[in-house]
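Here is the structure we will look at, set down as structure tokens.
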């Protein structure tokens, strides 16, 4: 709970549709996040033009999750290695 | 290009719909990725019951991207710090 920070509402456009993102993060980070999702949805649309918007959004989420979990595993591996060196 | 590895097709269920994920990654990782997206979509649905499936998928992607970019920035910061210590 970080009640001391004011919650901001930022409007972003993803795949041509507006979304209001509410959070305590700075606006620059929210825009970066929205741009990543927008970019991934465009990539998915180009690779799978027969899919509908919902399926494209799910595949964009799958794609980003793949990168996220790979990075997370790599970080955990490096931490374990570092702990082993101590 | 990693043409030496065979491309596998794995069927996963996300938000009640089946998706075929094609890639050279191991099946365990693909299932982990699909489970993360499915979990996030459920969280988004519980928090925003008035949104449609496409909007929920986009918000799940936004949420995962947020975590991914935070971790990426943290890793980059730690690497810069480590390089500075050399």
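Chains as they are written, first to last, in my numbering: chain L, 1 to 86; chain G, 101 to 186. Every residue gets a Cβ at the ideal spot worked out from N, C-alpha and C, and that includes glycine.
C-beta neighbour in chain L for residue 154/G, strict 8 Å: Indexing the second chain from 1 puts residue 154/G at position 54. With 8 Å as the cut-off, residue 154/G counts as an interface residue toward chain L.
Just to confirm my understanding: we take residue 49/L, look at its own chain, exclude 5 residues before and 5 after, and list those with CB closer than 7 Å. What are they? Locating residue 49/L in the first chain gives position 49, counting from the first residue. None.
Indicate the three-state DSSP secondary structure (helix, strand or coil) for residue 68/L in the structure shown. Position 68 of the first chain holds residue 68/L. Helix at residue 68/L.
With a cut-off of 8 Å, do at least 3 Cβ pairs link the region 133–150 of chain G to the region 33–51 of chain L? Fewer than three pairs of CB atoms, one per stretch, sit closer than 8 Å, so the region 133–150 of chain G makes no contact with the region 33–51 of chain L.
Cross-strand partners of residue 175/G (DSSP beta bridge): Working through the second chain from its first residue, we reach residue 175/G at position 75. Answer is none; residue 175/G lacks a bridge partner.
Which partner residues does residue 117/G have in the DSSP bridge list? On the second chain, position 17 is the one that residue 117/G refers to. Answer by DSSP bridge pairing, in chain order: 114/G.
Beta-carbon separation (whole angstroms), residue 168/G vs residue 68/L, contact threshold 8 Å: By 1-based counting over the second chain, the position of residue 168/G is 68. By 1-based counting over the first chain, the position of residue 68/L is 68. A Cβ-Cβ distance of about 4 Å is found for the pair residue 168/G and residue 68/L, placing them in contact under the 8 Å criterion.
Does the beta-carbon of residue 155/G have 16 or more other beta-carbons within 10 angstroms, so that it is buried, or is it exposed? Position 55 of the second chain, counting from 1, holds the residue named residue 155/G. A residue is called buried when at least 16 other Cβ atoms come within 10 angstroms of its Cβ; residue 155/G meets this threshold and is buried.
Under 8 Å between the Cβ atoms of residue 158/G and residue 57/L? Working through the second chain from its first residue, we reach residue 158/G at position 58. Working through the first chain from its first residue, we reach residue 57/L at position 57. Yes; because the gap between Cβ atoms is below 8 Å, this pair is in contact.
Given residue 146/L, which residues of its chain have a CB within under 8 Å of its CB, disregarding the five upstream and five downstream residues? Residue 146/L cannot be examined here, being either before or after the span of chain L that is shown, 1 to 86.
Once DSSP output is grouped into helix, strand and coil, what is the label at residue 45/L? As a working note, residue 45/L is residue 45 in the first chain. Correct three-state label for residue 45/L: helix.
Closest to residue 140/G by C-alpha separation, out of 22/L, 25/L, 62/L, would be which residue? Residue 140/G sits at position 40 when you count from the first residue of the second chain. For the set 22/L, 25/L, 62/L, the Cα lying nearest the Cα of residue 140/G is the one of 62/L.
Going along chain L, which residues have a C-beta under 8 Å from residue 115/G? Taking the second chain and counting its residues from 1, one reaches residue 115/G at position 15. Under the 8 Å cutoff, chain L gives 58.
Chain L contact residues for residue 132/G, given Cβ-Cβ distances below 7 Å: By 1-based counting over the second chain, the position of residue 132/G is 32. Residues of chain L passing the Cβ test: 69.
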